[in-house]
């Protein structure tokens with residue numbers, strides 16, 4: 005049965021045996037040792053450090069550390085072609101080689117090379133140090149420019165406060181206008197027809213590539229069974245799935261919780277070696293290093309993706325040119341009825357993922373990726389060095405680096421349901437981390453502006469500056485300029501200015517005010533309608549207050565950037581009570597058993 009499925013779906017027979025539950029991996033490798041006439045290593049064993057970690061892992065053979073060497077000097081954990089070759093060769097009389105299970109082999113190899121892996125995951129190896137990173141902060145030139153600007157502003161504020169304010173407004177006006185124009189252009193761009201989703205995404209299982217999925221989990225015991233149920237519900241051949249749950253070495257709570265669950269064969273636990281920084285992208289770099297799949301995606305702990313999302317992404321990649329390196333699925337808040345803050349968050353996400361991101365991508369412009377449900381060609385990710393482990397909004401940075409390397413991004417019309425922060429404190433911590441990451445991204449990519457424009461091209465570079473810089477500046481300055489415009493309108497100076505500087509500032513202010521108001525309300529309103537959530541339209545009048553909260557988060561981010569630049573403000577999950585059920589409508593409780601994986605192709609429509 006396993007051999008027939010392997011021939012039909014183009015998979016490895018051994019993985020089919022595991023995923024079908026016909027035999028446990030440990031028992032399989034014990035039988036393999038007997039077949040080859042070799043001893044079996046049942047427990048852990050110390051391996052010799054060194055070598056190319058991912059190459060050794062794929063090769064399935066490693067030398068034993070000198071202090072642990074006893075009856076044998078090497079251990080084997082063959083898989084794929086190497087396993088077939090060994091079986092064809094038959095028994096061998098080698099007393100210095102033992103067989104061990106693949107999972108124990110990977111764990112031992114990771115333990116032996118922990119220090120080196122921690123360095124590579126943190127971009128502190130030779131290749132990582134050669135790339136631009138948020139780790140080094142601002143350059144000397146950037147610090148001088150910021151210092152001079154701050155000094156000039158302070159001096160002007162004392163000597164000529166009104167003129168200084170008008171000058172700053174004129175300088176920031178293009179930034180505001182750039183962000184406004186991008187938001188409006190995205191709303192004008194017509195939505196893509198749904199024909200591709202309906203007719204062109206079906207791909208035979210034999211053509212589907214191996215898919216690696218990284219799921220970073222840190223103190224996520226509350227939603228563990230929910231995310232496992234969502235992963236098992238994915239409609240994809242299990243033997244072609246390489247799912248890695250990424251756990252920090254000192255997260256004993258998660259390790260204990262996982263120890264009580266019998267995981268399916270295609271879901272493994274990867275322990276991230278200790279080291280700094282303690283960030284999500286650092287863990288993702290380890291998963292990328294060991295990934296088996298030619299496609300790679302990320303899901304967060306609270307995510308409930310569409311079960312057919314992987315199939316849709318794989319079909320799109322199979323039909324697209326090689327320069328399409330990333331597809332961003334659409335994130336949806338699925339408990340908007342649980343409070344005002346989740347509802348406003350859902351309205352914001354509707355505008356971003358239903359209108360702004362798809363519109364920009366259809367125009368060939370880059371976006372700041374979401375931190376989850378972005379699907380990549382693994383080769384492209386490795387070519388740009390993976391994630392910047394020191395950037396706390398790694399997705400924004402990665403989107404620009406893909407554009408600078410000549411890759412394109414696309415919109416994937418498939419939803420992943422997410423959980424919004426339930427309290428104001430949690431929301432502010434999350435949003436301040438995002439904006440702090442935008443600051444890190446701006447600093448990193450503006451160290452050499454000429455190189456930025458040459459590599460990314462003028463349209464992409466300007467779009468990035470408008471999105472990233474515009475988001476930061478508007479968040480910081482939104483209340484001040486809104487109040488100033490209101491006061492100027494009230495005393496009549498806004499519409500009847502005096503002097504050339506006043507006239508120019510007034511014209512710019514009126515333009516920003518008029519078009520900015522449209523750009524503020526139109527994308528979320530249109531997004532709510534496209535998402536089929538018209539009740540969210542009732543919250544549109546509250547958006548100015550909501551973006552007032554964004555201003556508070558922005559100033560928190562500025563403080564954090566200087567005091568705790570690499571600190572990851574973690575968002576607690578599992579607090580929402582009325583989330584939509586995952587998978588095919590089955591509710592998931594904390595005490596629920598993990599369901600069996602679906603048959604390949606099940607549920608396709």
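Residue numbers (my numbering): 5 to 609.
All C-beta atoms, glycine included, are put in the ideal place defined by N, C-alpha and C.
At a cut-off of 3 residues, the continuous stretches assigned as beta strand (DSSP E) that sit fully inside the region 216-271 are 245-252. A distance of 7 Å or more separates the beta carbons of residue 346 and residue 354.
By DSSP's assignment, residue 419 forms a beta bridge with 334.
When rounded, the separation of the alpha-carbon atoms in residue 51 and residue 547 is 57 Å.
With respect to the 7 Å criterion, residue 465 and residue 456 are classified as neighbours on the basis of their beta carbons. If you keep only unbroken alpha helix (DSSP H) runs of at least 4 residues inside the region 442-490, you get 453-460, 462-468. Taking C-beta separations shorter than 7 Å and ignoring five residues to either side along the sequence, the partners of residue 259 in its chain run 251, following chain order. The alpha-carbon of residue 301 is positioned some 37 Å away from that of residue 39. Looking at the DSSP output, residue 378 sits in a beta bridge with 332.
The continuous stretches of alpha helix (DSSP H) do not include residue 195, and DSSP gives it neither H nor E. Taken through DSSP and simplified to helix, strand or coil, residue 400 comes out as helix.
Between residue 377 and residue 309, the beta carbon gap of about 6 Å places them in contact (Cβ cut-off 8 Å). A Cβ-Cβ distance of about 6 Å is found for the pair residue 33 and residue 104, placing them in contact under the 8 Å criterion. The closest CA to that of residue 415, considering only 389, 439, 362, 426, is found on 362.
Look at the beta carbons and you see the region 391-409 not touching the region 417-436: under three pairs across the two are nearer than 8 Å.
Around the C-beta of residue 256, fewer than 16 other C-beta atoms lie within 10 Å, and the residue is accordingly described as exposed. Excluding residues up to 5 positions away in sequence, 127, 392, 394, 448 lie with their Cβ nearer than 7 Å to the Cβ of residue 137 in the same chain.
At a Cβ-Cβ threshold of 7 Å, residue 441 and residue 183 do not count as neighbours. Cβ-Cβ distances below 6 Å link residue 116 to 51, 53 in the same chain, with the five nearest sequence neighbours on each side left out; the list follows chain order. In the structure shown, residue 371 falls within a coil segment according to DSSP collapsed to helix, strand and coil. Distance from the CA atom of residue 194 to the CA atom of residue 232, rounded to whole angstroms, is 37 Å. For residue 67, the enclosing beta strand (DSSP E) covers residues 65-67.
The criterion of a C-beta distance shorter than 7 Å is not satisfied by residue 549 and residue 525. In this chain, residue 35 is not harboured by any beta strand (DSSP E); it is covered by the alpha helix (DSSP H) spanning 29-40.
A straight-line Cα-Cα distance of about 32 Å links residue 191 and residue 573.
Remark: C-beta atoms of residue 342 and residue 423 do not approach each other more closely than 7 Å. Of the candidates 208, 161, 560, 208 places its Cα closest to the Cα of residue 319.
Between residue 277 and residue 122, the C-beta gap is smaller than 7 Å, which places the two residues in contact. In the DSSP assignment, residue 23 falls outside any beta strand (DSSP E) and lies within the alpha helix (DSSP H) extending over 17-23. Using a 10 angstroms sphere on the CB of residue 382, the tally of other CB atoms reaches 16 or more, which defines it as buried. Residue 421 and residue 135 have their C-alpha atoms roughly 34 Å apart. Distance check between residue 269 and each of 236, 552, 397, 297 places 236 closest, using alpha-carbon atoms only. Boundaries of the beta strand (DSSP E) harbouring residue 301: 299-302, taken from the DSSP string.
The beta carbon of residue 36 sits closer than 7 Å to the beta carbons of 103 from its chain, once the five residues preceding and following it are set aside; these are given in chain order. In this chain, the alpha helix (DSSP H) harbouring residue 113 covers 106-116. When only Cα atoms are considered, residue 580 and residue 426 end up about 7 Å apart.
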